[in-house]
Amino acid sequence: MVQKELTWWKANLAKGNLDPNGLGKDENGNYYLDINQTIEDLEKEYETAPETRTLKEVKPQFGLKGEEGNYTMDDYFVGVAVTEEGTAFNYSMNSYGAAPMSVEIRNQSRYEKENIINKFMYWDGYDYYSKLAESSQWEVAEVIPTEEELKEGIGISLEEAKVLADEKVKQLQIPDMELGDWEYGLCLYQKGSGEDQKLVLTDTGYILHYTRKLGGIPITYTEEQGGELYGNDMGTESESWPYEKLDFCVTDEGIDDVQLIDQYDIGKTKTENVKLKSFDEIMDIYEKMMLIKNADYMENAKELTYKIDRIVFGYTRIYEPKSDSRSGVLVPVWDFFGSYEGTYKEEAEWETGSENFLYAPQYESYLTINAIDGSVIDRGLGY
Numbered sequence: 233m234v235q236k237e238l239t240w241w242k243a244n245l246a247k248g249n250l251d252p253n254g255l256g257k258d259e260n261g262n263y264y265l266d267i268n269q270t271i272e273d274l275e276k277e278y279e280t281a282p283e284t285r286t287l288k289e290v291k292p293q294f295g296l297k298g299e300e301g302n303y304t305m306d307d308y309f310v311g312v313a314v315t316e317e318g319t320a321f322n323y324s325m326n327s328y329g330a331a332p333m334s335v336e337i338r339n340q341s342r343y344e345k346e347n348i349i350n351k352f353m354y355w356d357g358y359d360y361y362s363k364l365a366e367s368s369q370w371e372v373a374e375v376i377p378t379e380e381e382l383k384e385g386i387g388i389s390l391e392e393a394k395v396l397a398d399e400k401v402k403q404l405q406i407p408d409m410e411l412g413d414w415e416y417g418l419c420l421y422q423k424g425s426g427e428d429q430k431l432v433l434t435d436t437g438y439i440l441h442y443t444r445k446l447g448g449i450p451i452t453y454t455e456e457q458g459g460e461l462y463g464n465d466m467g468t469e470s471e472s473w474p475y476e477k478l479d480f481c482v483t484d485e486g487i488d489d490v491q492l493i494d495q496y497d498i499g500k501t502k503t504e505n506v507k508l509k510s511f512d513e514i515m516d517i518y519e520k521m522m523l524i525k526n527a528d529y530m531e532n533a534k535e536l537t538y539k540i541d542r543i544v545f546g547y548t549r550i551y552e553p554k555s556d557s558r559s560g561v562l563v564p565v566w567d568f569f570g571s572y573e574g575t576y577k578e579e580a581e582w583e584t585g586s587e588n589f590l591y592a593p594q595y596e597s598y599l600t601i602n603a604i605d606g607s608v609i610d611r612g613l614g615y
């Protein structure tokens, strides 16, 4: 493994490519990554590297310490779990800053199978990329399959993928956790750097988003992670707190990727039979607040058009960071999903090289309204 990585770095050095990962330069014009130092470090590692892998069985747990660069992290565990078939999964558990609990499991054998070195593969929703391909505003058309091609190529039905994930969710024993939403998924990575950078598609599958369902009403899934630190910027000591998240990426070969973030401990019902605002009242608030809530997006745009195509009723978690940053309340809300497109201002157009833009993630909520009192909730802040 070390030899393969050494060969890759030396090949880039021989070509004069001193920044193969595209990390750029600092304010003094020096590359953030010193390729000669990287090669030297790998050569030292190669001298002491064992000929074979020796696996040691350990118990993944919080309460450990680990090294990350020059920093020592508390509650940090990284290991590899190997299945009976020989597939290796990278397994990490850590607690840091905005994420008091983070567990991630990723298919590590995929990197060797695809012969990928020093690149990060990730799963992303198909819907957004397909819209970009249709609009021709980003060079992804040659990479992104049509929906028909995608369905034929996945090799597993949604129901079969759900059965695999449901089995794991049951083993986790998290109360009231059910499949909330799903989307077609793409496993991608970026090849090359700078102007030569290209998007590479390695696999397709399903991304399953699990959420709690309480009294027949689910916690609405959105792409917003929460836990933004605006409070610290304003001089307070507010703690950030991201939302609970449980995602599975499933292919025809099985579960490929799992993320479990900030598991909730659900308490008691605070108020029974709450009176909600009528939908007409909610729509009046939407018409007034949609422009105000998203006004910041107009800074770089001449014009902006939102297209709301889905309105969802469900729960979200809110909290009061100044009084209690470790507990919150699930409240019923209305979320407005869709897309927006527009035209850049000239200075922004010069930076992007494009006149028009489109933003269309499937689960981006552009406005969240409290169904009880009509207040607008900032999902980034969590209140």
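Counting from 233, one number per residue, gives the positions in the sequence shown under my numbering.
Virtual Cβ for every residue (Gly too), placed ideally from N, Cα, C.
- Leaving aside the five residues that flank T483 on each side, the residues in its chain whose CB is nearer than 6 Å to its CB run, in chain order, D435, G437.
- Cβ neighbours of K430 within its own chain (closer than 6 Å, five residues either side excluded): K423, G424.
- Contact annotation, L440 with W414: C-beta distance approximately 5 Å; criterion of less than 8 Å satisfied.
- Setting aside the 5 residues that flank it on each side, I386 is surrounded in the same chain by Y416, T436, G437, Y438, T483, D484, each with a C-beta closer than 8 Å to its C-beta; the list follows chain order.
- For K525, the uninterrupted alpha helix (DSSP H) run begins and ends at 511-525, by DSSP.
- Taking the Cβ atoms as the reference, G458 lies roughly 4 Å from Y475, within the contact range of under 8 Å.
- Between the region 501-519 and the region 340-357 there are fewer than three C-beta pairs closer than 8 Å, too few to call the two in contact.
- When DSSP states are grouped into helix, strand and coil, T378 belongs to the coil group.
- Under the three-state reduction of DSSP, I604 is assigned to coil, being neither helix nor strand.
- In the structure shown, G357 falls within a strand segment according to DSSP collapsed to helix, strand and coil.
- Two segments are said to touch when three or more pairs of C-beta atoms, one from each, lie closer than 8 Å; by this definition the region 530-545 touches the region 564-576.
- The region 277-305 contains no complete alpha helix (DSSP H) run of 4 or more residues.
- Counting along the chain, the unbroken beta strand (DSSP E) around Q491 starts and ends at 486-493.
- Between Q594 and G298, the alpha-carbon positions lie close to 36 Å from each other.
- In terms of Cβ geometry, I601 and I517 form a close pair [threshold 7 Å].
- Of the residues assessed, R342 falls on the buried side of the cut-off, its CB having 16 or more other CB atoms within 10 angstroms.
- Here the alpha carbon of E384 sits roughly 10 Å from the alpha carbon of P377.
- For a cut-off of 8 Å, the C-beta gap from L433 to Y358 is around 10 Å, too long to register as a contact.
- With a cutoff of 7 Å on beta-carbon distance, F321 and A331 are scored as not near each other.
- The Cβ atoms of L250 and Y264 lie no closer than 7 Å to each other.
- Proximity to E283 across V234, L238, D494, L404 peaks at V234, based on C-alpha coordinates.
- Separation of M305 and G295 (C-alpha to C-alpha, rounded to the nearest whole angstrom) is 10 Å.
- Put simply, the backbone Cα of S334 is about 36 Å away from that of A243.
- CA-to-CA, the gap between R444 and L562 works out to about 11 Å.
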